[in-house]
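Visitor: Following this message is one structure expressed as structure tokens.
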Amino acid sequence: MNQFQTILTHVRMLLSSHQPSEVQALLDSMLEEELLSREYYGALLHEPDGEALARKISLTLLEKRDLNLTLLGWGWSGLEAPAAEWDPSYKDPGGSGPCAAMELGPLEGGYLELLNSNADPLHLYHFYDHVDLAGEEEIELCSEPDTDTINCEQFSRLFDIEGDEETREAYANIAELDQYVFQDSQLDGLSKDIFVEHIGLEEMIGESVEAPEEVGQKRPFPEELPVDRKHRKLAPPSTSLLSCLSLPAGPIQIIPTLPTLPQGLWQISGAGTGVSGVFIYQGELPQASQAPPPSSPAVRSLPKSPDRPGSTSPFAPSAADLPGMPEPALTSRAHVTEDQVSPTRCQAAHEGSSKPPKWPENVEKFYRSLQDRYQAEPAGPDGILVEVDLVRARLERSSSKSLERELATPDWTERQPACGGLAEVLLAAGDRRRPRETQLIAVLGKAGHGKSRWAQAVSRAWACGRLPQYDFVFFFPCRCLDRPGDAYRLQDLLFSLGPQPLPVDDEVFSHILRRPDRVLLILDAFEELEAHDGFLHSVCGPVSPEPRSLGGLLAGLFQRKLLRGCTLLLTARPRGRLAQSLSKADALFEMAGFSAEQAETYVRCYFELSGDSEHQERALELLRGQPFLLGHSHSPTVCRAVCQLSEALLERGDEAELPSTLTGLYVGLLSPAARDSPPGALVALARLAWELGRQHHGTVREGQFPSAEVMAWAVAKGLVQPIPGAPEPELAFSSFLLQCFLGAVWLALSGEIKDKELPQYLALTPRKKRPYDNWLEGVPRFLAGLVFQPRARCLGALVGPEGTTLADRKQKALTRYLKRLQPGTLRAGRLLELLHCAHEALDAGLWQHVVQGLPAHLSFLGTRLTPPDTHVLGSALEAAGRDFSLDLRSTGIDPSGLGNLVGLSCVTRFRAALSDTVELWESLQQRGEAKLLRAAEEKFTIEPFKAESMKDVDDLGNLVQIQRTRSSSEDVAGDLPAVRDLKKLEFALGPVLGPQAFPKLVRILEAFSSLQHLDLDSLSENKIGDEGVAQLSATFPQLKALETLNLSQNSITDVGACKLAEALPALATSLLRLSLYNNCICDVGAESLAHVLPDMVSLRVLDVQYNKFTAAGAQQLAASLRKCPHVETLAMWTPTIPFGVQEHLQQLDSRISLR
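Counted the way this note's numbering counts, the sequence shown spans residues 46 to 1200.
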């Protein structure tokens, strides 16, 4: 085993101090000497673990009996060990040079073994400082698993002085090192009162710190101190935590030699040695107000690798690796020279301390080129940027029986807007992020909501210096990454595959790999990647420099195996399985789209930019005159289309009016372009849009156009746009809605689509076999509009009268299909789609058929209602001429839309989130709309109410508080109908929140004077206990209408049962059913219930099954039952009663149930 350890020590040293290419040369030599088989050679080449590789090589050498290590001479044949810089007064007793370094190697064992060995710390320091990290993301110093070793992480913790658990661990490590060093048998009298404080960023930037003026305790070093390598002066590199270090040979004390030391600078002096002391400082030294005494000899820093900003020695972590070091924005560009550290250099460092440290020239050049690329402002309307609200999102199961997840729909007041803007989004998962861990943030939203514009604004914000936490930002439209082949590497992704490829530079790439936490990768339109749903879950092998497919690279990034520690920001449409794939994202946000005020702001900016300010107000009037289009303007894409059409209409000078449908909007935009098109160009482009949409693509290659003339026309009219950075010349449709419209044009005009197949494209009643994939989700509404609207101003305006011959036949097919539909049988989402299709059709007969089929109770529970949905629903309810009740809970409806629906005379009852309703009432009261406020209060109902969260209980409490405020006010008479008429209340918060929330519920129960059913049973058990029963019993005198009380599964014992029995007479004339199923009631509790049972004259059913009373308690209940002819059922089976006793009791009285 000693031979193996000898070989392993040298192999470790050689592997850790050489480039990967030199390691491969060693393996090649072993293969040539037939020490390795070719298969084993290939396995070692791809071994990611350095320790495992060293052990395997060592075992091979030991097995082949090659103990002379002749092959290991390769290690020093071309790379001589660098010479360390020593103090002039020191003479090396153990030799120096390559041989000494060769004998060194990483040490096995713990601190004490290191101190008792002959290893030279300075050689160790120098040796680890030459470990090359250019192609690696992390270094891991491995040793025997059961030994106490010193590694980079442990040493870093020594300087991580924070006020938490890590602080205590750091102090423990310091104490352990101190014990090993200073309690040596020859150092019994050594002082241990030296303390060096580590300053954080806030202190370094904020106040100025003066050196302590009290002299610390002193204890002299013994004169017989051995002069070995472990007790010499050791100077760390200039870029490490200790900038200037000199250890004295005499007593050590902390003495201020400067009147006011710069912040973070201490001096540790030794008396009688001719050495002034030690200066310790974090980062570069600022200018000192008084230079140190000239008697202090200058100590040179250790050499460092030329391609790294700091040392990676396990005995001196670099500034970048220390957790408590200043903000990375201030340290990441550190490039300190290796010159002698002197007072003059400290002054120079202070003079330049206000400027950020510089990078190498190539890195700085690359940084500037990225800045220049992203700083460019888009021209024209693309440059309009209106702040869009981002809301925190979460995923939830689509149903209780399904494992698939989809975006949850919060109530309006439950939304959590990112008030901090971009900074809050990028720091969203910071509190949960582990050190050196990749952060994944997803921003989701519907097509056309401005996700791509927002992503470009993020990169522009970085280029303008507003994201100092990142050194580099890379923006990738995902359509540029959807490429075949498996010859890509990480540097290809970063430099070559973006919209504007950059030259690959190894120095820049190495710099990026050293600080991945300073890198932000933006993936825009993530849903356009093929097989995107497998990136987060597919198996990705160990990181290797071998080329792979782009999918493999992205999978490595998402699974935190490539560029680990970076930030991934992606934007996507939550379509299909993508939402389920993002369940492991650190933070999810949703782009809410424009509000009405933001839409009007966009219109103003559009006309100001076009220099047509005189038409600005007129355009706003046109938009306000079409509430449906105003509602649709929550989508920036539609808002821009409205501006373009308004501009064209106002330039004509005639009586301008916007259309009332989306179909009319896009017909108005495309009809001028269609009139100037080559023959058949619009139909050909429409066919291309449809075929690409069936393949889930929105990009067109040049060769896919039917002719160059059609392509030139489409580009000139702005229907398609070139894609920068595409692997081959490609174009994309200017918007997703435009592609949907063109796809609908093809369906309406094509003779290839059979009439009987046309209804499936409305996606209202999907087929179970081979269902239609509604990726082009805007097609159904556009198709209905194109087929049903008058030919002259719709299809005829696009292709002329001669091109619409097939439309009449298609209209008849769709009419037959739609009139066979029964709207009352459709689910809420499909019912809304049917209403939109009928609205787009502008056909009076079809509209009346749909609205007359609406059921009297419409529930949209869990279905999102956008502003255009609210407008169409309100129009349908008014046209029906009947009364309706609406359930609008969990729809995300905005206050304006809620107010519009509630104000309709045909809406007699409505349910909505309590918090949303209360906010509506408050806004109506502030605006002085007393009539609408009264209607909103009278129509609101919460029957039945189920409390499933603390928020539900709090909202119910707020409602009761409003009721009590109204009762004390002279201006408002009467109770709130929602409180007064509540008849059923369920409480299901579970065993954790149940006991906490129940006291709040009890305090407001007396307000519900009509309460008939109180259900405190939950599948997860509320466990209100005896205390909860006692609190509830006190409210019985006010609950005079209570008929059903369910206290099952609430951990009630005899104490609670006795309290309940004492209070039950207050409910003697109203209570019909009482359930105490599955509690902990014993004989005493059963006896108390038996005593009160004859007094409960209205009770019909008593359930005490699965409790703990014995035959004695059962006999008491049975005897009491004989006195109660009004009781119909006594459910009494429990495992603690012998079955024979239960059967006997049942034979005596058949009303006893044992089921």
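We put the CB at the ideal spot given by N, CA and C, even for glycine. All values derive from a computational prediction rather than experimental measurement.
In angstroms with no decimal places, state the Cα-to-Cα distance between Pro529 and Leu574.
Guide: Walking along the sequence shown from the start, residue 529 turns up at place 484. Walking along the sequence shown from the start, residue 574 turns up at place 529. Computed Cα separation, rounded: 11 Å.
Visitor: When the Cα of Val1074 is compared with those of Lys410, Gly1039, Thr908, which residue comes out closest?
Guide: Start at 1 with the first residue of the sequence shown, and residue 1074 comes out as number 1029. Of the listed residues, the one whose Cα sits closest to Val1074 is Gly1039.
Visitor: Is it a yes or a no for the region 429-443 touching the region 624-642, going by three-plus beta-carbon pairs under 8 Å?
Guide: Touching, yes, given that three or more Cβ pairs across the two stretches are closer than 8 Å.
Visitor: Using three-state DSSP, classify Ser722 as helix, strand or coil.
Guide: Within the sequence shown, numbered from 1, the residue matching residue 722 stands at position 677. The answer is coil: DSSP assigns Ser722 none of H, G, I, E or B.
Visitor: What's the C-alpha gap between Leu80 and Leu599?
Guide: Your numbering for residue 80 matches position 35 in the sequence shown. Your numbering for residue 599 matches position 554 in the sequence shown. Going from the Cα of Leu80 to the Cα of Leu599 covers about 38 Å.
Visitor: Indicate whether the contact test is met: 3 or more Cβ pairs, each with one atom in the region 527-541 and one in the region 594-611, closer than 8 Å.
Guide: Yes: the two stretches touch, three or more of their Cβ pairs being nearer than 8 Å.
Visitor: Which residues does DSSP pair with Ile486 in a beta bridge?
Guide: The count along the sequence shown starts at 1 and reaches residue 486 at position 441. Per DSSP, Leu614, Ala632.
Visitor: Go ahead and pull the three-state DSSP assignment for Lys799.
Guide: Taking the sequence shown and counting its residues from 1, one reaches residue 799 at position 754. Of the three classes helix, strand and coil, the one that applies to Lys799 here is coil, per DSSP.
Visitor: Measure the Cβ-Cβ separation of Asp888 and Phe833 and say whether it is below 8 Å.
Guide: Locating residue 888 in the sequence shown gives position 843, where the first residue counts as 1. Locating residue 833 in the sequence shown gives position 788, where the first residue counts as 1. Yes, they are a contact pair.
Visitor: Could you check what DSSP says for Gln897 in three-state terms: helix, strand or coil?
Guide: The residue labelled residue 897 in the question sits at position 852 within the sequence shown. Of the three classes helix, strand and coil, the one that applies to Gln897 here is helix, per DSSP.
Visitor: For the region 826-856, which segments carrying the beta strand (DSSP E) assignment without a break, of at least 3 residues, lie completely within its bounds, in sequence order?
Guide: DSSP runs (the beta strand (DSSP E)) wholly in the region 826-856: none.
Visitor: Could you pull out every residue in the same chain whose Cβ sits closer than 6 Å to the Cβ of Trp735, ignoring the five residues on either side in sequence?
Guide: Taking the sequence shown and counting its residues from 1, one reaches residue 735 at position 690. These residues qualify, in order along the chain: Gly788, Trp791.
Visitor: List the whole-angstrom C-beta distance separating Leu959 from Leu1001, where the pair is believed to meet the contact cut-off of C-beta under 8 Å.
Guide: In the sequence shown, residue 959 corresponds to position 914, counting from 1. In the sequence shown, residue 1001 corresponds to position 956, counting from 1. Correct: roughly 7 Å between the Cβ atoms.
Visitor: Quickly, what does DSSP pair Pro462 with across the bridge? List them, please.
Guide: Translated into the one-based positions of the sequence shown, residue 462 becomes position 417. DSSP, once it has assigned bridges, lists Val436 as partnering Pro462.
Visitor: For the alpha helix (DSSP H) that Phe652 lies in, which residues bound it at each end?
Guide: Position 607 of the sequence shown, counted from the first residue, corresponds to residue 652. Unbroken alpha helix (DSSP H) run through Phe652: 641-654.
Visitor: What's the C-alpha gap between Gly944 and Glu1173?
Guide: The residue labelled residue 944 in the question sits at position 899 within the sequence shown. The residue labelled residue 1173 in the question sits at position 1128 within the sequence shown. Cα to Cα, the separation comes out at about 49 Å.
Visitor: Is Val1142 helix, strand or coil by DSSP?
Guide: By 1-based counting over the sequence shown, the position of residue 1142 is 1097. The answer is coil: DSSP assigns Val1142 none of H, G, I, E or B.
Visitor: Beta strand (DSSP E) containing Thr744: first to last residue?
Guide: Counting from 1 along the sequence shown, the entry for residue 744 is found at position 699. Thr744 -> beta strand (DSSP E) spans 744-746.
Visitor: Count the other CB atoms, across all protein chains shown, that sit within 10 Å of the CB of Val824; report buried if there are 16 or more and exposed otherwise.
Guide: Within the sequence shown, the letter at position 779 stands for residue 824. Buried is the call here.
Visitor: Can you give the Cα-Cα distance for Leu783 and Ala686, rounded to whole angstroms?
Guide: Here the question's residue 783 lines up with position 738 in the sequence shown. Here the question's residue 686 lines up with position 641 in the sequence shown. In a straight line, the C-alpha of Leu783 is about 10 Å away from that of Ala686.
Visitor: At what residue ranges does the region 1085-1125 contain a whole run of the beta strand (DSSP E), taking only runs of 3 or more?
Guide: Segments of the beta strand (DSSP E) lying fully in the region 1085-1125: 1089-1091, 1118-1120.
Visitor: Given a threshold of 16 other Cβ atoms within 10 Å of its Cβ, counted over all protein chains shown, does Arg838 qualify as buried or as exposed?
Guide: As a first step, residue 838 must be located in the sequence shown, where it is residue number 793. Flag for Arg838 reads exposed.
Visitor: Exposed or buried, Val1037, counting other C-beta atoms within 10 Å across all chains shown (16 or more means buried)?
Guide: Walking along the sequence shown from the start, residue 1037 turns up at place 992. Exposed, since its Cβ has fewer than 16 Cβ neighbours within 10 Å.
Visitor: With 16 other CB atoms within 10 Å as the buried threshold, where does Ser363 fall?
Guide: One-based indexing of the sequence shown puts residue 363 at position 318. For Ser363, the predicted model reports a pLDDT of 37, less than 50, meaning its position is unreliable and no value from the coordinates is stated.
Visitor: Is DSSP giving Ile1007 helix, strand or coil here?
Guide: Looking up residue 1007 in the sequence shown gives position 962. Ile1007 falls in the helix class under three-state DSSP.
Visitor: Please report the straight-line C-alpha distance between His916 and Arg826, rounded to a whole angstrom.
Guide: Position 871 of the sequence shown, counted from the first residue, corresponds to residue 916. Position 781 of the sequence shown, counted from the first residue, corresponds to residue 826. Distance between the alpha carbons of His916 and Arg826: 15 Å.
Visitor: Give the C-beta separation of Val10 and Cys611 to the nearest angstrom, bearing in mind that I take them to be a contact with Cβ-Cβ under 8 Å.
Guide: There is simply no residue 10 to check, as the chain begins at 46 and stops at 1200 in what is shown.
Visitor: How is the beta strand (DSSP E) around Val952 delimited, first residue to last?
Guide: Along the sequence shown, one-based indexing puts residue 952 at 907. From DSSP, the beta strand (DSSP E) with Val952 extends over 952-956.
Visitor: Beta-carbon separation of Glu885 and Thr708 under 8 Å?
Guide: The count along the sequence shown starts at 1 and reaches residue 885 at position 840. The count along the sequence shown starts at 1 and reaches residue 708 at position 663. Cβ distance < 8 Å, so Glu885 and Thr708 count as in contact.
Visitor: Given a cut-off of 8 Å on the beta-carbon distance, is the pair Asp1194 and Leu1166 in contact?
Guide: Within the sequence shown, residue 1194 is the residue found at index 1149, counting from 1. Within the sequence shown, residue 1166 is the residue found at index 1121, counting from 1. In contact: Asp1194 and Leu1166 (Cβ atoms closer than 8 Å).
Visitor: Which ranges does the alpha helix (DSSP H) cover as unbroken runs of at least 4 residues, wholly within the region 868-912, from first to last along the chain?
Guide: Whole alpha helix (DSSP H) segments, 4+ residues: 873-886, 889-897.
Visitor: For Arg956 and Ile1007, which I take to be in contact (beta-carbon distance under 8 Å), what is that distance rounded to the nearest angstrom?
Guide: Numbered from its first residue, the sequence shown carries residue 956 at position 911. Numbered from its first residue, the sequence shown carries residue 1007 at position 962. Between Ile1007 and Arg956 the Cβ distance is about 17 Å, and since that is not below 8 Å, they are no contact.
Visitor: Quick check on this structure: which residue in Gln671, Ser62, Ala873, Ala829 has the alpha carbon closest to the alpha carbon of Leu910?
Guide: Taking the sequence shown and counting its residues from 1, the one referred to as residue 910 is at position 865. Nearest option by C-alpha distance: Ala873.
Visitor: Please report how far the alpha carbon of Leu851 lies from the alpha carbon of Asp657, in whole angstroms.
Guide: What you label residue 851 is simply residue 806 of the sequence shown in a count that begins at 1. What you label residue 657 is simply residue 612 of the sequence shown in a count that begins at 1. Taking the straight line joining both Cα atoms gives about 42 Å.
Visitor: DSSP state of Ile987, grouped into three classes?
Guide: By 1-based counting over the sequence shown, the position of residue 987 is 942. DSSP places Ile987 in coil when its eight states are reduced to three.
Visitor: Please state if the CB of Leu828 and the CB of Ser883 are separated by a distance shorter than 8 Å.
Guide: Translated into positions along the sequence shown, residue 883 becomes position 838. Translated into positions along the sequence shown, residue 828 becomes position 783. The amino acid at residue 883 is misidentified as Ser; the sequence shows Ala. Contact: no.
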